[in-house]
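> Note that the working numbering has the sequence shown beginning at -5, numbered continuously upward.
All C-beta atoms, glycine included, are put in the ideal place defined by N, C-alpha and C.
Model, not experiment: these values are computed from the prediction.
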Amino acid sequence: MQDMLQELIDNKQLQNMQDGFAKLSGISLFCVDANGQRITEVSGDAQEMDKVFSLVGRQKLFDLFDRISQSPMEEQIVEDTEYDNVKLAALAIRSSGRLVLCWLACCVLQPMDCASAANLATGFEHVTRETDFYQTLDLLRMWMSQLYQADYSKY
-5 MQDMLQELID NKQLQNMQDG FAKLSGISLF CVDANGQRIT EVSGDAQEMD
45 KVFSLVGRQK LFDLFDRISQ SPMEEQIVED TEYDNVKLAA LAIRSSGRLV
95 LCWLACCVLQ PMDCASAANL ATGFEHVTRE TDFYQTLDLL RMWMSQLYQA
145 DYSKY
């Protein structure tokens, strides 16, 4: 599967594209292959992603990867955390039903987007609107899925 990815887009192009999505949306994300091995560096603010991990635990994000990689039906998982304004996400790109790559993302929402303000994570410079977070994930998934379908429909 990694060879399929390399034929389609090289890691530098993937990194640049991912950097653009992060910059536009204010989220932090990185990409892993079907085995969970990182293939891009963190886009967005890596220090803020580490801060999110210190609050909610790095393992929670990798648990999402495990869940999405084992379910051929799920393409996207977004989970709440114990903080009302922190979301974690996994976004799967599949080819012929097999996982090719997965983005793992986190964001800190603007307080006004939270149903409850009882337990907010504070001290983050980069925050985003909830709708922007979901739209970024949707756009990334649609773009990469279309790229795979267009290039591999001949096989």
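Could I get the ranges of all uninterrupted alpha helix (DSSP H) runs contained in the segment 78 to 120, with 4 residues as the minimum, in chain order?
Counting only runs of 4 or more, we get nothing.
> Should Glu76 go down as buried or exposed, given a rule of 16 or more other Cβ atoms within 10 Å for buried?
Label assigned to Glu76: exposed.
> Return helix, strand or coil for Asp132, following the three-state DSSP convention.
If DSSP states are grouped into helix, strand and coil, Asp132 belongs with the helices.
> Answer with buried or exposed for Leu18, where buried requires no fewer than 16 other C-beta atoms within 10 angstroms of its C-beta.
When all chains shown are included, Leu18 counts as exposed.
> Could you tell me which residues DSSP puts in a beta bridge with Ile71?
Paired residue(s): Ala84.
> What does the alpha-carbon distance come out to for the pair Gln64 and Asp126?
Answer to the nearest angstrom: the Cα atoms are 27 Å apart.
> Distance check for Ala109 and Leu45, CA to CA, integer angstroms please.
The identity of residue 45 in the sequence shown is Lys, whereas the question assumes Leu. So the alpha carbons of these two residues sit roughly 22 Å apart.
> For Ser147, which residues in the same chain have their Cβ closer than 8 Å to its Cβ, ignoring the five residues on either side in sequence?
With a pLDDT of 48 at Ser147, under the threshold of 50, the predicted position of this residue should be treated as unreliable, though the coordinate-derived value follows. The answer is none, since no qualifying residue turns up.
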